[in-house]
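Chemist: Sequence positions in the sequence shown follow my numbering and run 9 to 584. Quick reminder that beta carbons are idealized off the backbone N, C-alpha and C, glycines included. One structure, as structure tokens, below. Some questions next.
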Amino acid sequence: MKKYLMTWYGMTDFRASLGLEQTTGPVLGALLAEDYTDVVILGFTRPVKIESHADDVQPKTAATGGVDPAAARQCIGLFSNTEVAHTHFNEWLNKQLQAAGKKVDVHFQPVELAHLNDTEGIYEAATQSLNAVAASEGEKLVTLYLSPGTPVMAFVWAFAALRYPTLKKRLIASSQPGKPPERIVLPNEWLEWHGRQVRTVSAGSDRYDAIFHLFGEQRIPNLLGVLQFSSRKHIFVNSAQFPADVMKPFLGEAEYGEIAVDPYDPDNVRSTILEQIADMPAEAKIGFNLTGGTKLMYAGALAACRKVNATPFYFDFSKKQVINLNSFTKSEIVSIDSVETFLKLNGDGLTISKPGLTEHDISREMITASQLIWENRNLMVSKYRELKSYLEEKSFKCWGNDFYAELTIEKQGKLTIGGQSFVFDECPNFMEFLLGKWLEVYVFSVLMPLKESAVLKDIRLGLEVSVEDVDSNDNFKSYHDGFKEKTGYQEFDVICTDGYALFVIECKSGKVESHHISKLSEITKHFGGVKGNGVMISAFRPSHPVVKQKSDDQTNVNWFFGEHASDRLLKFFESN
């Protein structure tokens, strides 16, 4: 277990380092009285003080000889609370500890304060140092030394300690110079409040009164924050460019809040958030979802979070974990189990007009036929030109080379390929199946075992999104009403999710062009965000190496083709 001593160092300590005291000084005295592994020393630094060279300190001290008080006062007045004094004190302290056989890691932090009793600055320095120690790994005992420094520094140590209810700690003070420090206890009322804090942390750490979410172009981090944590109110910190009202449908009974900030001004972000918090009850439990927004929004929000000792967290998508940035504890991200959730989040006014087919909607015979067509895909594709000549016909027959396809006037489909025959009753879309839908069904069948094993949470075939409100849509106003009958925006060949990302799969039984790759990349980015994955499945290899190169250049698209496409597709999902 690590044992930390946390303390300011004051004038008595500096005088002791100059040989002007008959004692060791409070800091060295405490370190000699007990075994510590680490000491964190805060040193008040007055930035307007005149600096000098470190080697000037000792000669001036030697000149006093510890005899001339006036010379001593001049020396102390010149060097105290400067970087030179800090360097001298650190070197002296390490030498004394080494001479005493004490093995202590010394961590010194200069602290600039507006004045000696700058309460805000003192509190910020104390909480920042406590944050760092609390976040360090392993078991630890923290001892806060109240004696060195001013009374305000002592009070702030005691007050700040109560903001860390789960940190194992104690307080000590020196009542008599030259004697070991004594342990002290806080007033009962403070301890009761401390106990309430402990119970709050242990009883329901995921329940908040308010959570601030950094909202930007990517919406998934905000959705996860809403789903992961229960909160009375969700407040979205955003810029005018990215309104957050799209999040309202996902809040349930929770209250919605939105505050506008300058995303590139961290001080504006910090002050705007703190203004909101100022109107909340003092005992409010507050969380910060720092995953979205800009880096400067992160900096400003984290500063506000530290100011009020709230709980910051961050979603690590690569490891599917949410990290508490106070304790660095990790927990699994809650999963998003429906592709429709992704589409509603990123759809921007689109609605799901066709929910698509699930594993319960596709017949075993259709799946078997698609698998057989895949095995005989060269034969199937060779019939495309002839089949397309029947597109306007209500019925047709096409045969030759171990192949037979027929659509009767009663919409019954018949297919013979690879030595097997199939009959599909009431199949008006039989031609669509023959001209490429078969590949979509085949890919769907390849992925079905992943749904059964819960690798995939949801998978749909032929899901479609359309423009929702055409009457109020400006793009439709200059067209006659006939255009309102066809509002389809995007149909997905196959779309699925593993609970953490959206996968958009495009199936091409014929030639793949460069624009197909670009379109897939854009669609994936639109509906899946930066963590979305586009997958191109083609029956045959790329027609030209440049087309494949353009696919490789798209960071959100993977292309699997030819004989081993299904094996590579499965490995792709199993490795995600």
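Between which residues of its own chain and A4 is the CB-CB distance below 7 Å, once the five residues before and five after are set aside?
Modeler: Summary: the structure shown does not reach residue 4, with the chain confined to residues 9 through 584, and so no result is reported for it.
Chemist: Counting pairs of beta carbons, one from the stretch 371-387 and one from the stretch 265-279, are three or more of them closer than 8 Å?
Modeler: no
Chemist: Using three-state DSSP, classify R171 as helix, strand or coil.
Modeler: Residue numbering aside, residue 171 sits at position 163 when the sequence shown is read from its first letter. Coil.
Chemist: Could you tell me whether the stretch 404-415 touches the stretch 383-392, using the rule of 3 or more Cβ pairs below 8 Å?
Modeler: The stretch 404-415 is in contact with the stretch 383-392.
Chemist: Could you give the residue range of the alpha helix (DSSP H) that holds Y306?
Modeler: Translated into the one-based positions of the sequence shown, residue 306 becomes position 298. K303 to K315 is the span of the alpha helix (DSSP H), which, as asked, contains Y306.
Chemist: Among the residues of its own chain, which have a CB less than 6 Å from the CB of S155, if the five just before and after it don't count?
Modeler: As a position in the sequence shown, residue 155 is number 147, starting the count at 1. Apart from the 5 residues on each side of it in sequence, S155 sits with its Cβ closer than 6 Å to the Cβ of P34, A181 and S182 in its chain, given in chain order.
Chemist: Could you tell me the distance, in whole angstroms, from the CA atom of G27 to the CA atom of D21?
Modeler: For the purposes of this step, residue 27 is taken as the residue at position 19 of the sequence shown. For the purposes of this step, residue 21 is taken as the residue at position 13 of the sequence shown. Answer to the nearest angstrom: the Cα atoms are 10 Å apart.
Chemist: Spatial neighbours of A133 within its chain, please: C-beta separation below 6 Å, excluding the five flanking residues on both sides.
Modeler: Sequence index remark: in the sequence shown, residue 133 carries index 125 (1-based). Cβ neighbours of A133 beyond the five flanking positions: L50 and V119.
Chemist: Along the chain, where does the alpha helix (DSSP H) that runs through M388 open and close?
Modeler: Start at 1 with the first residue of the sequence shown, and residue 388 comes out as number 380. From DSSP, the alpha helix (DSSP H) with M388 extends over R385 to S390.
Chemist: Taking the DSSP output, what are the residues bridged to S339?
Modeler: Within the sequence shown, numbered from 1, the residue matching residue 339 stands at position 331. In the DSSP secondary-structure assignment, S339 is bridged to V330.
Chemist: Can you look up D561 in the DSSP assignment and give me helix, strand or coil?
Modeler: On the sequence shown, position 553 is the one that residue 561 refers to. Here D561 sits in helix by DSSP.
Chemist: With distance defined between alpha-carbon atoms, name the residue in Y12, F167 and C83 nearest to S25.
Modeler: Mapped onto the sequence shown, residue 25 falls at position 17. Looking at the Cα atoms, C83 is the closest of the given residues.
Chemist: K533 by DSSP, collapsed to three states: which one?
Modeler: For the purposes of this step, residue 533 is taken as the residue at position 525 of the sequence shown. If DSSP states are grouped into helix, strand and coil, K533 belongs with the helices.
Chemist: Buried or exposed, going by whether 16 or more other CB atoms sit within 10 Å of the CB of W165?
Modeler: Your numbering for residue 165 matches position 157 in the sequence shown. Classification for W165: buried.
Chemist: Output the boundary residues of the beta strand (DSSP E) element that contains T135.
Modeler: In the sequence shown, the residue the question calls residue 135 occupies position 127. Careful: T135 lies outside any beta strand (DSSP E), inside the alpha helix (DSSP H) at T127 to A143.
Chemist: Any idea if D506 is buried or exposed, counting beta-carbon neighbours within 10 angstroms, 16 or more meaning buried?
Modeler: Locating residue 506 in the sequence shown gives position 498, counting from the first residue. Looking at its Cβ environment, which holds 16 or more other Cβ atoms inside 10 Å, D506 is buried.
Chemist: Using CA atoms only, rank isn't needed, just tell me which of D126, A41 and V234 is closest to F223.
Modeler: Locating residue 223 in the sequence shown gives position 215, where the first residue counts as 1. Cα-wise, what sits closest to F223 is V234.
Chemist: Among the residues of its own chain, which have a CB less than 6 Å from the CB of E42, if the five just before and after it don't count?
Modeler: In the sequence shown, residue 42 corresponds to position 34, counting from 1. Here the set comprises nothing.
Chemist: Is DSSP giving K519 helix, strand or coil here?
Modeler: For this step, residue 519 is matched to residue 511 along the sequence shown. In the three-state DSSP reduction, K519 falls in the coil class, being neither helix nor strand.
Chemist: I need the boundaries of the alpha helix (DSSP H) containing V269, first residue and last residue.
Modeler: Locating residue 269 in the sequence shown gives position 261, where the first residue counts as 1. Here V269 belongs to no alpha helix (DSSP H), and DSSP marks it neither H nor E.
Chemist: Restricting to Cα atoms, I'd like to know which of R240, D217, F244 and S239 is closest to N230.
Modeler: Translated into the one-based positions of the sequence shown, residue 230 becomes position 222. Minimum Cα distance to N230 is reached at F244.
Chemist: Thinking C-alpha only, which one of L471, L149, M19 and L310 is nearest I281?
Modeler: As a working note, residue 281 is residue 273 in the sequence shown. Nearest of L471, L149, M19 and L310 to I281, Cα basis: L310.
Chemist: With DSSP as the reference, identify every bridge partner of M544, one or two as the case may be.
Modeler: As a first step, residue 544 must be located in the sequence shown, where it is residue number 536. E514 and W567.
Chemist: Just to confirm, are V555 and S522 a CB contact at a threshold of 7 Å?
Modeler: If you number the sequence shown from 1, residue 555 lands on position 547. If you number the sequence shown from 1, residue 522 lands on position 514. Cβ atoms of V555 and S522: closer than 7 Å.
Chemist: Just to confirm my understanding: we take H94, look at its own chain, exclude 5 residues before and 5 after, and list those with CB closer than 8 Å. What are they?
Modeler: On the sequence shown, residue 94 is found 86 positions in, with the first residue counted as 1. For H94, where only same-chain residues beyond five positions count, the Cβ hits under 8 Å are G51, T53, F116 and P118.
Chemist: Check this for me: beta carbons of G427 and N384, under 7 Å apart or not?
Modeler: Here the question's residue 427 lines up with position 419 in the sequence shown. Here the question's residue 384 lines up with position 376 in the sequence shown. Contact: no.
Chemist: Note down, one range per segment and in chain order, each alpha helix (DSSP H) of at least 4 residues found wholly within the stretch 214-294.
Modeler: 228-236 and 274-286
Chemist: Give the straight-line distance between the Cα atoms of W567 and T366, rounded to the nearest whole angstrom.
Modeler: If you number the sequence shown from 1, residue 567 lands on position 559. If you number the sequence shown from 1, residue 366 lands on position 358. So the two alpha carbons sit approximately 24 Å from each other.
Chemist: Give every residue of the same chain whose Cβ lies closer than 6 Å to the Cβ of Q420, excluding the five residues on either side of it in the sequence, and list them in chain order.
Modeler: Taking the sequence shown and counting its residues from 1, one reaches residue 420 at position 412. Only D433 meet the Cβ criterion.
Chemist: Could you check whether the stretch 345-355 touches the stretch 464-479, counting it as contact only if at least three pairs of C-beta atoms, one from each stretch, sit closer than 8 Å?
Modeler: yes
Chemist: Below 7 Å CB to CB, which residues in the same chain sit around Q562 once its five sequence neighbours on both sides are set aside?
Modeler: Residue 562 sits at position 554 when you count from the first residue of the sequence shown. Counting only Cβ-Cβ distances below 7 Å, and skipping sequence neighbours, we find I525 and S529.
Chemist: Using the C-alpha atoms, what's the distance from L333 back to A143?
Modeler: The residue given as residue 143 occupies position 135 in the sequence shown. The residue given as residue 333 occupies position 325 in the sequence shown. Straight-line Cα distance between these residues: approximately 8 Å.
Chemist: Considering only their Cβ atoms, is the gap separating K10 from K148 smaller than 7 Å?
Modeler: Numbered from 1 along the sequence shown, position 140 holds the residue referred to as residue 148. Numbered from 1 along the sequence shown, position 2 holds the residue referred to as residue 10. For K148 and K10, yes; Cβs fall inside 7 Å.
Chemist: Check for me: the alpha helix (DSSP H) holding Y450 runs from which residue to which?
Modeler: Along the sequence shown, one-based indexing puts residue 450 at 442. It spans W446 to E460 - the alpha helix (DSSP H) in which Y450 sits, taken as one unbroken run.
Chemist: Using only CA atoms, which one of I267, Q249 and D356 lies nearest to P257?
Modeler: The sequence position of residue 257 within the sequence shown is 249, counting from 1. Measuring from the Cα of P257, the nearest candidate turns out to be D356.
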